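Under the numbering used here, the first residue of the sequence shown is numbered 387, with each subsequent residue one higher.
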Amino acid sequence: MDVWPGTAYPLGASYDGSGTNFALFSEVAALVELCLFDADGTETRVELPDVDGFVWHAFLPNVEPGQRYGYRVHGPNDPERGLRCNPAKLLLDPYAKAIDGRIEWHESLFGYHFGDPDSHNDADSAEHMPKCVVTNPFFDWGVDRPPRHAYADSVIYEAHVKGMTQRHPEVPEQLRGTYAGIAHPVIVDHLRALGVTAIELMPVHHFVNDSMLLDKGLANYWGYNTIGFLAPDSKYASNITPGGQVQEFKAMVRTLHEAGIEVILDVVYNHTGEGNHLGPTLSFRGIDNAAYYRLAEVSPKHYTDYTGTGNTLNVRHPHTLQLIMDSLRYWILEMHVDGFRFDLAATLAREFYDVNRLATFFELVQQDPVVSQVKLIAEPWDVGPGGYQVGNFPPQWTEWNGKYRDTVRDFWRGDRATIGEFAARLTGSADLYESSGRRPVASINFVTAHDGFTLLDLVSYNEKHNEANDDNNNDGENHNRSWNCGIEGPTDDAAIIALRAQQRRNLLATLFLSQGVPMISHGDEMGRTQRGNNNGYCQDNELTWMDWGKIDVDLLAFTRRIAELRRAHPIFRRRRFFDGRPVRRRGEDTLPDLAWFTPEGAQMTEEDWDSGFGRAIGVYLNGQGIAGRDSRGRRVVDDSFLLFFSAHHEPIEFRTPGAEYGLAWEIVVDTTADSAGDTTDGTIVDPNGVVTIGPRALVVLRGVG
């Protein structure tokens, strides 16, 4: 076989039409072997002849897309010093763009013999390892262009590739649970009808299925266990040819872009699927353990763990940072994705011990001309000391606002102590983001996500019910801020069923009418349940998949309607925070941009905010000079609204403000209505008029005069 020197960049396997360049970083290696595998599994080893800057490389003419490969790294093996090279272990390329096959759990994958962690295991692991695949970089993107929706106009839909499509009867069976399934017209039409501008896919990077879960008959369903940061996972592909998942993923993105829908990836750069010091040797551990992982300073045999998974990627090392940045650029430039949600993003800011918003990773993102231009969403916490960092990320970033989730849940379950914070969350969380130069869109608002109860379960259970996870119900969050409305779980009680439906309307309406960016979790718009399981990470079955045969049609209609209300009225999509100062129009100061009211129609005072009054409040949103649409779709310039919130268990009367705020008000949303498709009869209310708000309800009024 001809072997040419090749180049040290780019890392990974790069096909140029005449052959493939292979490049692998390892600072500790004494020798690196490229292992090529035929269709029958026959292995051919090729020593990489050149090394530049600790990058081992070679160019192999005539090696084409579809070629399966891996690496063997010769070097020191001294776990006590954090050195774990072992050429008996076939290793995945950290830069692999496709991975073929799954891990077959076997003792040979480990650097020790079971039952003796201090032993040395030289059994060959190749037979039980998946293989990397050389991919074809060419794809007909046509006229594909990223939709580039402004944050203020965005509606994000968090979804699982398999869970969303696996049970849809109109998706062909061979496409269910795949990237092609997500691109199917019935799924695209569903997203568009909801007004979704971006689908946020739970991890699609190739990930490891834990042996512990497989032994229990479970699986790593969520996918937060990455082993290939540039490779779309093959199990979500209907195209089963090696590397076919790359083409299918690109086709999905192209289709969604044609529909005006962005693709955001949930990415896991904080750890890998190799686990702790007792985990398998699959890739990074055997290539350069100390470069890729944070090792314990006192005992380098062990790993520093800020993630709860056994290891933490070493963002202090330049090659690990390069891997992360190269991965991000690859998904943007080659796969055309539009943004990222960073799992446990606080970990990426731990260069030393504390979370530091000036960490090198953030500096690299800030100056990168590609990565800096897409949507960047942080999950602003990890499990390490001081890990809860909501509001503390750099100006370029948006954040999952966990305080929004908690506050809105508390308000609608009747917690009296949340009214002041509820007002802050409703108006964009200026207390968290304004001081850092950010705007309301820095807040990614959500009430539910993949981690926790579904929306239906949030109003149906007081306690988690995770028995199916086979951990004695010990896993998952215990403090869910949920309320079962009187009975735990399913019930035939018509009053409780109606209350649960109303509570879901309350939560969805609050979400869509808050300043910031709304994110809904897949299936919440149609009544998805996990039967009280708030930690479905290991349930790859009908417990977590969307059941398209059981759609709450009223809730779906309501969700579409409230999303359209947001889209039609820019007052709900402000790009700047409210400041309470008068809005200047035609050279004259008029009313403030917002005002808070008691049910009696009086403006809230400091005494009111501090009095313990906490289950009912009204807010006026000044839309003077803002163009919106009336109930007939006609353009109007004065687009003001009143929102009345009541978490009280009995009806309560709200008085509208005086004529200076509006000459008449039309009720456009009342969450007490049974049918979501017709929530109001268009009742008109005069200034200083009385509106009766039902128990635990939200009423929205639009100014009409």
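Every residue gets a Cβ at the ideal spot worked out from N, C-alpha and C, and that includes glycine. For clarity, every value in this text was computed on a predicted model and none was experimentally measured.
Can you look up Leu-446 in the DSSP assignment and give me helix, strand or coil?
strand
I believe Thr-1042 touches Asn-1008 by the beta-carbon criterion, under 8 Å. Please report the beta-carbon distance rounded to the nearest angstrom.
Thr-1042 to Asn-1008, Cβ: 15 Å. No contact.
Please report the straight-line C-alpha distance between Gln-759 and Asn-675, rounded to a whole angstrom.
32 Å
Give every residue of the same chain whose Cβ lies closer than 6 Å to the Cβ of Val-441, excluding the five residues on either side of it in the sequence, and list them in chain order.
Ala-394, Ala-409, Phe-411
Tell me the rounded alpha-carbon separation between Pro-686 and Cys-421.
If you draw a straight line from the Cα of Pro-686 to the Cα of Cys-421, it comes to about 29 Å.
How many Å lie between Val-447 and Phe-944 at the Cα?
The displayed chain sequence assigns Pro, not Val, to residue 447. Roughly 59 Å separates the two Cα atoms.
Leaving out five residues on either side along the sequence, give the residues of the same chain with a beta carbon under 7 Å from the beta carbon of Glu-765.
So the list reads Arg-727, Phe-728, Asp-729, Leu-730, Ala-731, Trp-786, once near-sequence residues are dropped.
Here's the rule I'm using: 16 or more other beta-carbon atoms within 10 Å means buried, otherwise exposed. How should Gly-1063 be labelled?
Residue placement at Gly-1063 is poorly supported in this model, since its pLDDT is 44, which falls under 50; the coordinates still yield a value, given next. Its Cβ having fewer than 16 others within 10 Å, Gly-1063 is exposed.
Pairing CB atoms from the region 570-589 with CB atoms from the region 645-661, are three or more of them under 8 Å?
Under the three-pair Cβ rule at 8 Å, the region 570-589 counts as touching the region 645-661.
Looking at the structure shown, is Trp-982 part of a helix, part of a strand, or coil, going by DSSP?
Residue state, collapsed to three classes: strand.
Which residues does DSSP pair with Thr-784 in a beta bridge?
Ile-763
Under three-state DSSP, which class holds Ala-482?
The answer is coil: DSSP assigns Ala-482 none of H, G, I, E or B.
Tell me whether the beta-carbon of Thr-834 lies closer than 9 Å to the beta-carbon of Ile-906.
yes
Could you give the DSSP three-state label for Gly-1063: helix, strand or coil?
Residue confidence for Gly-1063 is low, a pLDDT of 44 falling below 50, so the modelled location carries little weight; the figure read from the coordinates is stated next. DSSP places Gly-1063 in helix when its eight states are reduced to three.
Can you grab the Cα-Cα spacing for the pair Gly-549 / Thr-930, in whole Å?
Computed Cα separation, rounded: 6 Å.
How should Leu-744 be labelled, buried or exposed, when 16 other C-beta atoms within 10 angstroms of its C-beta is the threshold for buried?
exposed
If you draw a straight line from the C-alpha of Thr-406 to the C-alpha of Ala-887, how long is it?
58 Å
By the 10 Å Cβ neighbour count, where 16 or more other Cβ atoms means buried, how is Trp-527 classified, buried or exposed?
exposed
Quick check on Pro-985: buried or exposed, where buried means 16 or more other Cβ atoms within 10 Å of its Cβ?
So Pro-985 ends up on the buried side.
Taking 9 Å as the threshold (C-beta atoms), are Thr-1078 and Phe-1031 in contact?
no
Extract the residue ranges of the alpha helix (DSSP H) inside the region 525-556, only unbroken runs of 4 or more that lie entirely within it.
547-551
Could you compute how far the alpha carbon of Thr-746 sits from the alpha carbon of Leu-709?
It is roughly 14 Å from the alpha-carbon of Thr-746 to the alpha-carbon of Leu-709.
Under a three-way DSSP split, which group does Leu-604 fall into?
coil
Are Gly-646 and Pro-533 close, meaning C-beta to C-beta below 9 Å?
For Gly-646 and Pro-533, yes; Cβs fall inside 9 Å.
If we count the other Cβ atoms within 10 Å of its Cβ and call it buried at 16 or more, is Leu-1087 buried or exposed?
With 16 or more other Cβ atoms within 10 Å, it is buried.
Would Val-519 be called buried (16 or more neighbouring beta carbons within 10 Å of its own) or exposed?
buried
Classify Asn-920: buried if its beta carbon has 16 or more other beta carbons within 10 angstroms, exposed otherwise.
buried
Verify the contact flag: Ile-1012, CB atom, against every heavy atom of the ligand COA, threshold strictly below 8 Å.
The ligand COA is not part of the structure shown, which contains no ligands of any sort.
Taking the alpha-carbon positions, what's the Val-432 to Asp-464 distance?
25 Å
Under 9 Å between the Cβ atoms of Gly-672 and Cys-471?
In contact: Gly-672 and Cys-471 (Cβ atoms closer than 9 Å).
State the DSSP-derived secondary structure class of Gly-777, mapped to helix, strand or coil.
coil
Counting only the same chain and skipping the five closest in sequence on each side, list residues whose C-beta sits under 7 Å from that of Gln-916.
Contacts found: Thr-840, Asp-843, Gly-922, Leu-929, Thr-930.
DSSP three-state label for Tyr-692, please.
coil
Can you tell me whether DSSP reads Ala-415 as helix, strand or coil?
Three-state result, Ala-415: coil.
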